[in-house]
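Just so we're aligned: the sequence shown equals residues 1 to 88 in UniProt numbering. Built from N, CA and C at the ideal position, the CB exists for glycine as well.
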Amino acid sequence: MSDGCQHFNQIHTHAANTSGCEECMKMGDTWVHLRVCLTCGHTGCCDQSKNRHATRHFEATGHPIMRSKERGETWGWCYIDEEMFDPI
């Protein structure tokens, strides 16, 4: 882990709440890639998706760290510090 990021104490889960983007599934919309909030487990779509629900979740809640939900990917991201971690 990084000395620059002080938000790892806010990681409470690595489990996703759903198998897809929570908001897109409710809207009947699609996504490109999925991200999981490591504070609450919210699953949102990435910034390449038109709805950007993972970033919107951070903006609404302030939950700082997420991880990729894509198979074979082990990286995470801190929105506040704009720092990537691999593996997280």
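By alpha-carbon positions, which one of HIS7, LEU34 and ARG52 ends up nearest to ALA16?
Ranking the options by Cα distance to ALA16, first place goes to LEU34.
Under the assumption that THR61 contacts LEU38 (Cβ atoms under 8 angstroms), give the Cβ distance between them as a whole number of angstroms.
No, THR61 and LEU38 are not in contact; Cβ-Cβ is about 12 angstroms, not under 8 angstroms.
With DSSP as the reference, label ARG67 as helix, strand or coil.
Correct three-state label for ARG67: strand.
Any chance the CB of THR74 is under 7 angstroms from a heavy atom of the ligand PLP?
Within the structure as shown, the ligand PLP is missing, as the structure has no ligands at all.
Considering only C-alpha positions, which residue in the set THR30, GLU82, TRP31 and ASN51 is nearest to ILE65?
When only C-alpha atoms are compared, the closest one is GLU82.
Here's a check: name, in chain order, each residue in its chain whose Cβ is nearer than 7 angstroms to the Cβ of CYS24, leaving out the five neighbours to either side.
Only THR30, TRP31, CYS45, ASN51 and HIS53 meet the Cβ criterion.
Comparing alpha-carbon positions, which option in VAL36, ASN9 and GLU73 lies nearest HIS57?
Measuring from the Cα of HIS57, the nearest candidate turns out to be VAL36.
Sorted by chain position, which residues of the same chain lie with C-beta nearer than 7 angstroms to THR55's C-beta, five sequence neighbours on each side aside?
Answer for THR55: ASP47, listed in chain order.
Within 10 angstroms of the Cβ of ARG71, are there 16 or more other Cβ atoms? Answer buried if so, exposed if not.
Per the 10 Å Cβ criterion, exposed.
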